[in-house]
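A.B. asks:
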Amino acid sequence: MEKILADFLEMVQVDAISFDERKVADICLRKLEELGCVDIYEDKAGEKVGGNTGNIFARFPGTLPGSILFSAHMDRMPQGFGIEPVIEDGIVKTKGDTILAADDLGGIAAIFDGIRKLKACGQPHPTVEILLTICEEKGLLGSLHFDYADIKSEISYALDSPGHIGRILIASPHSAKLQVEVFGKAAHAGSEPEKGKSAAVGAAKILANLREGRLDHESTSNFPIVEAGHGATNAVCDYAIIKGEARSIDKQKLMDYIAYFEKHCQETAEAFGVTAKTAWNLGSPGYKVEKDSASVRLISEVFAQMGVEPLPEASGGGMDANRYNAKGIQSVGLATGYFDNHTTNEHVFLDSFLRTGEMVMRTVLEYGKNMEKYKV
Ligand SMILES: [Zn+2]
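Read left to right, the sequence shown gives residues 9 to 384 (my numbering).
1. Between Thr241, Thr276, Ala117 and Ala284, which lies nearest to Pro201 when the distance is taken from Cα to Cα?
2. Cutting at 7 Å between CB atoms, please list the residues of its own chain near Cys245, excluding the five before and the five after it.
3. Kindly give me the distance between the Cβ atoms of Leu362 and Leu13, rounded to whole angstroms, as I take these residues to be in contact under 8 Å.
4. In the DSSP assignment, find the alpha helix (DSSP H) that holds Gly365 and state where it starts and stops.
5. Which residue wins for smallest C-alpha separation from Leu140, given the options Ile159, Val316 and Pro132?
6. Compare the Cα-Cα distances from Val190 to each of Leu149, Ala179, Ile173 and Ile249 and report the closest residue.
7. Going by C-alpha to C-alpha distance, which of Arg175, Lys101, Phe68 and Ser229 sits closest to Lys299?
8. What does DSSP give as the partner residue(s) for Pro320 in the beta ladder?
9. Distance check for Leu223 and Val316, CA to CA, integer angstroms please.
10. Could you tell me which residues DSSP puts in a beta bridge with Tyr295?
11. Kindly confirm or deny that the stretch 270-281 and the stretch 302-319 touch, where touching means at least three C-beta pairs closer than 8 Å.
12. Can you find a heavy atom of ligand 1 that lies under 8 Å from the Cβ of His81?
13. Counting along the chain, where does the beta strand (DSSP E) carrying Phe65 start and finish?
14. Consult DSSP for Ala284 and reduce its assignment to one of helix, strand or coil.
15. Run through the DSSP bridge pairs and tell me what Ala390 is partnered with.
16. Report, in whole angstroms, the separation of the C-beta atoms of Pro181 and Ile257, which I expect to be a contact under 8 Å.
17. For Gly62, count neighbouring Cβ atoms within 10 angstroms of its own Cβ and tell me buried if that reaches 16, exposed if not.
18. Whose CA, out of Pro73, Gly98 and Ala33, lies closest to the CA of Ala80?
19. Which ranges does the alpha helix (DSSP H) cover as unbroken runs of at least 4 residues, wholly within the stretch 82-144, from first to last along the chain?
20. According to DSSP, is Gln338 helix, strand or coil?
21. Closest by CA to Glu366, which one among Asp112, Met19 and Arg124?
22. Determine the burial state of Ala184: buried for a count of at least 16 other Cβ atoms within 10 Å of its Cβ, exposed for fewer.
23. Does the structure place the stretch 145-164 close enough to the stretch 89-101 that three or more beta carbon pairs sit under 8 Å?
24. Label Gln260 either buried or exposed according to how many other C-beta atoms from any shown protein chain fall within 10 Å of its C-beta, with 16 as the threshold for buried.
25. Put Thr228 into one of helix, strand or coil per three-state DSSP.
26. Any heavy atom of ligand 3 closer than 8 Å to the CB of Glu253?
27. State the Cα-Cα distance for the pair Tyr332 and Cys143, rounded to the nearest angstrom.
28. Classify Thr102: buried if its beta carbon has 16 or more other beta carbons within 10 angstroms, exposed otherwise.
29. Would the beta-carbon of Met19 be found less than 8 Å away from any heavy atom of ligand 1?
30. For His355, count neighbouring C-beta atoms within 10 Å of its own C-beta (all shown protein chains included) and say buried if the count is 16 or more, exposed if not.
31. Are the Cβ atoms of Gln19 and Ile116 separated by less than 9 Å?
32. Nearer than 8 Å: is that true of the beta carbon of Glu144 relative to any heavy atom of ligand 1?
33. Residue range of the alpha helix (DSSP H) that Val46 falls in?
34. Rank Lys251, Leu373 and Arg84 by C-alpha distance to the C-alpha of Val188 and give the top, closest one.
35. Does DSSP put Val32 in a helix, a strand or coil?
36. Tell me, to the nearest whole angstrom, how far the beta carbon of Glu226 is from that of Ala322; I am working on the premise that it is less than 8 Å.
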């Protein structure tokens, strides 16, 4: 069996989850050492987020100047205990009652395989920096608490995206959580309903005319939580709340939508005779890396060498690359062959996955050969 696949299967079969990545982390620490990495350490991020494991950082020392960073996350979604991988017709899947955790142990196995291949090829190469994070699935918490002073690389790749090899996530949305509380007036529903004013109806009017769903090609919003009343039907409803979110690749569009949301809620509530109180907070920062930027040109050159079609696209979600870009380390996400992540249908196409180690190795070699071409 290919070593990348053996590594992957070993890691998915130990139980781990956000805040408890311990067993995967211990395997990673051991493998990094076996691969000949140096400067290996686990940071204190686990303590800061209430978990039992920190982010792991390591370097695979190069014979050329410069370095490049590869990252993946050690935590996984719920329903990730007792994973029994099944290999069938070139696809790795589960028996259907758990996730597979290829998101993102596939990314970790790819990095390990890239280093293994780099060692074996015997060619001069720059240093590889490796960052394996915790709690990515919990709002990128591990990468939030990492100390980036240790990172020397200008370019990084987060091996953490669904799709076949070749998919490059060049953008990820900025996001916000939004809510509106609606205050009406309670009254006995049978004896004097005219003295009341229904917050439930006010909330319904707000939601009925709110622009939501697909807003434009790079913006969305969704308001799936609506609660009203106090569980009794014999009083006019005096309280309701609507909760949702909005996202856009363009931060200004997100801020404009938030302003629209606030105005829409206030005006609709006022017209109906109830009051509205809106609140919102921004999530992790989004990013947009141009197609002609160093990181995209470098990985596109690697895909050309491999005969793989590069597919630069925007991501609908967030990943650690969001934080790296915010910290000034140019970063895009790369697909490693998994699909339907976050579900019990999660599966990996081996024809993509088995080439990800080569992708890592070639990226390091190409960067070393033509570093001046890939200045950020
Ligand atoms: Zn992931």
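For every residue, glycine included, the Cβ atom is placed at its ideal position computed from N, Cα and C.
C.D. replies: Reading it off the structure:
1. When only C-alpha atoms are compared, the closest one is Thr241.
2. For Cys245, where only same-chain residues beyond five positions count, the Cβ hits under 7 Å are Gly192, Ser206, Ala207, Ala208, Ala236 and Gly237.
3. At roughly 7 Å, the Cβ-Cβ gap stays under 8 Å, so Leu362 and Leu13 are in contact.
4. Note, Gly365: alpha helix (DSSP H), Thr364 to Lys377.
5. It is Ile159.
6. For the residues Leu149, Ala179, Ile173 and Ile249, the minimum Cα distance to Val190 belongs to Ile249.
7. Nearest option by C-alpha distance: Arg175.
8. Pro320 has Ile176 as its beta-bridge partners, per DSSP.
9. Using only the alpha carbons, I get a separation of about 33 Å.
10. DSSP, once it has assigned bridges, lists Ser180 as partnering Tyr295.
11. Taking a cut-off of 8 Å on C-beta distances, the stretch 270-281 does not touch the stretch 302-319, as fewer than three cross pairs fall below it.
12. Under cutoff, so the answer is yes.
13. That run of the beta strand (DSSP E) goes Ile64 to Phe68.
14. DSSP places Ala284 in strand when its eight states are reduced to three.
15. Past the edges of the chain, shown from 9 to 384, lies residue 390, and the structure says nothing about it.
16. Cβ-Cβ separation between Pro181 and Ile257: approximately 5 Å, consistent with a contact (criterion under 8 Å).
17. If you draw a 10 Å sphere on the C-beta of Gly62, you find 16 or more other C-beta atoms in it, and that means buried.
18. The shortest Cα separation from Ala80 among Pro73, Gly98 and Ala33 belongs to Ala33.
19. Scanning the stretch 82-144 for uninterrupted alpha helix (DSSP H) segments of 4 residues or longer gives 110-129, listed from N- to C-terminal end.
20. Strand at Gln338.
21. The closest CA to that of Glu366, considering only Asp112, Met19 and Arg124, is found on Arg124.
22. Classification of Ala184: buried, given that the 10 Å Cβ count is 16 or more.
23. A contact between stretches requires three or more CB pairs, one per stretch, nearer than 8 Å, and the stretch 89-101 fails this requirement with the stretch 145-164.
24. Its Cβ having fewer than 16 others within 10 Å, Gln260 is exposed.
25. Strand at Thr228.
26. Absence of ligand 3 from the depicted structure is noted, with ligand 1 being the only ligands included.
27. Linking Tyr332 to Cys143 through their CA atoms gives a straight-line distance of about 15 Å.
28. Flag for Thr102 reads buried.
29. Incorrect: Met19 has no Cβ contact closer than 8 Å to ligand 1.
30. Buried: at least 16 other Cβ atoms inside 10 Å.
31. Sequence check: residue 19 is Met here, not Gln. Result yes, Cβ atoms of Met19 and Ile116 sit closer than 9 Å.
32. Correct: Glu144 has its Cβ closer than 8 Å to ligand 1.
33. No alpha helix (DSSP H) holds Val46; the beta strand (DSSP E) holding it covers Val46 to Glu50.
34. Per the Cα distances, Lys251.
35. The three-state secondary structure of Val32, taken from DSSP, is helix.
36. Cβ atoms of Glu226 and Ala322 come within 8 Å of each other, at about 7 Å.
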